[in-house]
Structures are given as C-alpha cells and as structure tokens.
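Note sheet for the following structure.
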Amino acid sequence: MNLERKSSLYILVACLLWALDLLVRYPISLKMGYVSIVFIESFIGLFLVTPWLIKNGRKELAKFSKNDWILAVFLGGIGMSVAGYLSTACIQKASPGTFSFFQIFQPFFVIFMAGILLKEKLDNQYLYWGIWVLLSAVLIFSQDLELMFTSQEMIVGDFLIALSTMLIWGLCTIAAKKLLQKHSPEALVAVRWAFAFIFAVIILLGEKERPAFDILFQWEVGIRFLFIGAIAGIASMYFYYSGLKNLPAGKVSIFELSFPAFGMIFSAIYTFESLTIFQIVGATSFFMFILFMLSRQESERATVKTR
Numbered sequence: 001m002n003l004e005r006k007s008s009l010y011i012l013v014a015c016l017l018w019a020l021d022l023l024v025r026y027p028i029s030l031k032m033g034y035v036s037i038v039f040i041e042s043f044i045g046l047f048l049v050t051p052w053l054i055k056n057g058r059k060e061l062a063k064f065s066k067n068d069w070i071l072a073v074f075l076g077g078i079g080m081s082v083a084g085y086l087s088t089a090c091i092q093k094a095s096p097g098t099f100s101f102f103q104i105f106q107p108f109f110v111i112f113m114a115g116i117l118l119k120e121k122l123d124n125q126y127l128y129w130g131i132w133v134l135l136s137a138v139l140i141f142s143q144d145l146e147l148m149f150t151s152q153e154m155i156v157g158d159f160l161i162a163l164s165t166m167l168i169w170g171l172c173t174i175a176a177k178k179l180l181q182k183h184s185p186e187a188l189v190a191v192r193w194a195f196a197f198i199f200a201v202i203i204l205l206g207e208k209e210r211p212a213f214d215i216l217f218q219w220e221v222g223i224r225f226l227f228i229g230a231i232a233g234i235a236s237m238y239f240y241y242s243g244l245k246n247l248p249a250g251k252v253s254i255f256e257l258s259f260p261a262f263g264m265i266f267s268a269i270y271t272f273e274s275l276t277i278f279q280i281v282g283a284t285s286f287f288m289f290i291l292f293m294l295s296r297q298e299s300e301r302a303t304v305k306t307r
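Following full-length UniProt numbering, the numbering of the sequence shown begins with 1 at its first residue and continues without gaps.
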C-alpha cells in the first residue's frame, strides 16, 4: 500500500473514532456539565502522554521555535478547548443544523487558506471534488438544515458562534500541517494535550464548576472516559496527524466530512432511527467519493511504476 493511500485511510480511521466518541460521550453529558467533561478528558489525555513526554520531551520540544509554540498553543488550547465549548454552546443554544451548516463549508475554507499560507497548489480537481462533497454533505445534513431554516429562534449570535468554530477548526488543520513539516505526529499529540489541559483548567476556574470526580468510580463512566481520552482522543489524533503529514491539507479537510457521515450512521444504529432517503443518498455518494479517491491514488501509483 502506497504512502498516500495509507495516509487517507488514517484520516478515515480518525473520523470513525470521532464518530464513536459522540455516542460514548452523550450518556456522560446527561450526568455532568461539559466543562467538567472536557477537564477530565484533558486530564486523562495528559496523563497518558506523560510517559512519552518524560522519555522524548526534552529532545523533541527543543526543536520547537517561537512560532511553533504559538501554533501549538492555538492548536491545543484554542482548537481543542475553546472550539469545543463554542460548538457545544451552538448546539445547545441554536440547533445541530446551525453547526452542521457551517461545517459543510470548512473544506473550502481550508483549501483557500492552504493555498495562501501553505502554498498548496489549487487546481480544477479541488473544484470538482468540492462540488461532489458539497452536494453529498447537503444531503447528509438535510434534516438538520431543515430544522435550522424552519427555527423561529435563530439569532445572529448563534450563527457567529457556529462560524467561529468552523474557522478555528479550519485554521487548526493549517496549523497542524505547518507543524508537521518539522515535527512528528507523536510530538503534536503530546503538545496538543498539554495545552488543552492548561486551557481546560483556566476555563474550569472561570466557570467555577467543580468536576464530580466520584462519578469516575462508576465502572461504566470510567470506561467511557478512558475511551474518550485514549481511543477517541490520543489514538484518533495520532492517526489524523499521521495522515495529515503526508497529504495536502485541502484534501484532508474534504476527507474529514466522513466524520459526520459516520456519526449519522452510528447514531441511527444506536437510536434505531431510520435515515431519510436524502441522508442515505448523501452518505452513499460521499463514500463513493472516498472509494474513488482511494482507487485513483492506486491507479496513479501504477502509472508512475510503468513509467
């Protein structure tokens, strides 16, 4: 398997783990506040990456320049903690559709910014891919979008929160790609969780919310948090950064839309809800796009070999 195809699969695995995270996280959100959830999640993540930091931290972190540290702070603190709170606020105050609407346009923002900041080459293939993915995403999110446009309680602030979250996550892809030009995926995972924990502590103190640590001794909750921190957190980000290191940021952002597609399917299975025909067509179209991209990479590799 060639490196590009393997990297694409890494991104898909990361998206699959993120989708599972939604199902695992939801029951916990009914028992405790989101501020506490993010704090405990960040604490577990930092605890698990500490052995790597002790063994490799001095050598790896010495390679970080001043600009690298600024990007790392943005990636871990703003991208994980702040954007996480914003996305939750958007869903709670408005509707999932408001958040989904802007998420559709994230790949286009990343492609545009990657062309400016990373000097990634923009050609017609991005336009064709974008149209295919956009139409698929609109069908996937059709139910949420209908809810958003028919809601009578929409305010400008809700749109701004959703827009801010999309922009932050899009810039996180750019920041991570920039850091991966000089640093390993392992280093980014460790630094991300370190700054995520620091920002989680700051937000926790600001909210004056005290985490209910006793709930962790309930075996089901403890296992869920372990999955959120270790599998959906550290493992997913390792796969994501490993894929991003060898792929253009724009292409990765397009692949990232498989996250809500997986999430929609898993949610339907978990709640026994039937998908609408539009959602089925959208998900099918998107995964056909993924298969097309993977087969295209394989055919390009075969062409290069014959030359």
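Glycine included, every Cβ here is placed at the ideal spot set by N, Cα and C.
Note that this is a predicted model, so its numbers are computed, not measured.
- If the five residues before and after Arg224 are omitted, its C-beta is found closer than 6 Å to the C-beta atoms of Val24, Ile28, all from its own chain and listed in chain order.
- Between Trp169 and Gly79, the C-beta spacing is below 8 Å.
- Taking 8 Å as the cut-off, the Cβ atoms of Glu60 and Ala235 do not count as close.
- Per DSSP, reduced to three states, the secondary structure at Ser184 is coil, with no helix or strand assignment.
- Counted as a single uninterrupted DSSP element, the stretch harbouring Leu275 is not any alpha helix (DSSP H), since DSSP gives it neither H nor E.
- Note that the C-beta distance between Leu75 and Cys15 is not below 8 Å.
- A direct Cα-to-Cα measurement between Gln279 and Ala261 gives close to 9 Å.
- In the structure shown, the three-state DSSP call for Arg210 is coil.
- Counted as a single uninterrupted DSSP element, the stretch harbouring Ala232 is not any alpha helix (DSSP H), since DSSP gives it neither H nor E.
- With 16 or more neighbouring CB atoms inside 10 Å of its own CB, Pro185 falls in the buried class.
- Taking 8 Å as the cut-off, the beta carbon of Leu204 is found closer than this to the beta carbon of Phe39.
- Within the same chain, no Cβ atom closer than 7 Å to the Cβ of Ile54 is found once the five residues on either side in sequence are excluded.
- By the neighbour-count definition (other C-beta atoms within 10 Å, threshold 16), Thr276 is an exposed residue.
- Taking the Cα of Leu3 as reference, the smallest distance to any Cα among Ile269, Pro248, Leu257, Lys178 is reached at Pro248.
- Setting aside the 5 residues that flank it on each side, Ser295 has no residue in the same chain whose C-beta is closer than 6 Å to its C-beta.
- Apart from sequence neighbours up to five positions away, no residue of its chain approaches Lys121 with a beta-carbon distance below 7 Å.
- Taking a contact as a CB-CB distance under 8 Å, the pair Phe286 and Leu257 counts as one, their CB atoms being some 7 Å apart.
- Of the other Cβ atoms in all chains shown, 16 or more fall within 10 Å of the Cβ of Ala19; this residue is therefore buried.
- Pairing Val189 with Met166, the inter-Cα distance amounts to about 21 Å.
- Put simply, the backbone Cα of Tyr270 is about 46 Å away from that of Lys66.
- In the structure shown, Ala62 falls within a coil segment according to DSSP collapsed to helix, strand and coil.
- By the neighbour-count criterion, in which a residue is buried when 16 or more other Cβ atoms sit within 10 angstroms of its Cβ, Ala62 is exposed.
- The beta-carbon distance between Met293 and Ser8, rounded to whole angstroms, is 7 Å. This is short enough to meet the 8 Å contact definition.
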